[in-house]
Each structure stands twice: as structure tokens, then as C-alpha cells.
Amino acid sequence: YLISRGQAEENFRVFKNKYCFVAHSHEPLMFRLDEEGHASFVNFTESIGQVLGDWRLIINPGSVGQPRDGDPRASYVMLDSETSMIKLYRVAYDIGATQLKMVRANLPMRLVARLEKGL
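Okay, here's the thing in C-alpha cells:
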């Protein structure tokens with residue numbers, strides 16, 4: 009899980025690309041690396057486009073399943089490579105239907121219950 013500034017700094021050291029897209033934390037996050045090699049969180053607000061600029065960035069679009077940031081909607085990003093804009097989107101879906109499928113698949117009830125809370 010890449011969710012802290014320290015973890016971001018470690019990861020910036022192992023890739024040289026301008027942008028790195030990651031997943032698995034189930035939370036939409038973005039980190040920026042400054043000239044001194046320090047990572048900071050970038051405000052990543054739904055439906056507000058951001059110009060990526062010349063910064064090196066680690067971008068996590070969140071999760072389309074099992075979100076863990078308190079918002080049960082699916083999240084994803086769209087990158088416009090021509091304008092260097094990135095935008096975070098949230099989409100509601102039928103959580104109840106998904107929970108029913110989870111119950112039928114004998115998944116643990118704690119996972120079924122937390123889906124509707126986005127935890």
C-alpha cells in the first residue's frame with residue numbers, strides 16, 4: 009500500500025518516468041516530488057481537473073471495487089495527454105446487488121458490510 013509521503017519518496021527513487029500510476033490502496037491519492045526529493049500530497053478533488061505540469065507524480069485513481077476512503081462510489085481518473093490534465097471521477101453503482109453476489113460467493117460478512125460504507 010502506497011499511502012504515505014515516506015513510501016512515495018521510496019517509490020520515486022525506483023522509477024524515472026514523469027508519472028507513475030499505481031493501485032491497490034483503494035484510495036484516490038496523488039503525490040508530487042519536489043526539487044529536494046521530498047514527496048507531498050496533492051489535493052485530488054473529484055471532478056476538478058488539474059494540470060500535471062512538470063512535476064514527477066505518483067497517481068492512484070482509487071478503486072472501482074472495495075473503496076477504503078469512506079466513499080462507496082467507484083473512482084477512476086482520466087488523463088488527457090494533450091492538455092496534461094487529470095480528473096478524478098466518482099460513479100455510483102448498485103452496491104446492494106454487489107453485496108448479494110458477495111454473500112452468494114460466501115465472502116466474509118465483514119467485507120460485505122463495509123462495501124456500503126467505503127471502508
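Quick note on numbering: this note's numbering labels position 28 of the sequence shown as 36, and the sequence is numbered without any gaps.
For glycine and all other residues, C-beta sits at the position ideal for the given N, C-alpha and C.
- Taking all protein chains in view, the Cβ of E35 is crowded by 16 or more other Cβ atoms within 10 Å, so the residue is classified as buried.
- The C-alpha of Y9 lies about 15 angstroms from the C-alpha of F49.
- Apart from the 5 residues on each side of it in sequence, L96 sits with its Cβ closer than 6 angstroms to the Cβ of P36, F52, E54 and V85 in its chain, given in chain order.
- Under the DSSP assignment, V85 falls in the beta strand (DSSP E) whose first and last residues are A82 to D88.
- Fewer than three Cβ pairs drawn from the region 97-107 and the region 57-67 lie within less than 8 angstroms of each other, which leaves the two stretches out of contact.
- For C28, the CB contacts under 6 angstroms within the same chain, skipping 5 residues up- and downstream, are I66 in chain order.
- In the structure shown, N25 falls within a coil segment according to DSSP collapsed to helix, strand and coil.
- Under DSSP, N68 shares a beta bridge with L37.
- Ranked by Cα distance from K125, the options G73, L87 and H46 are led by G73.
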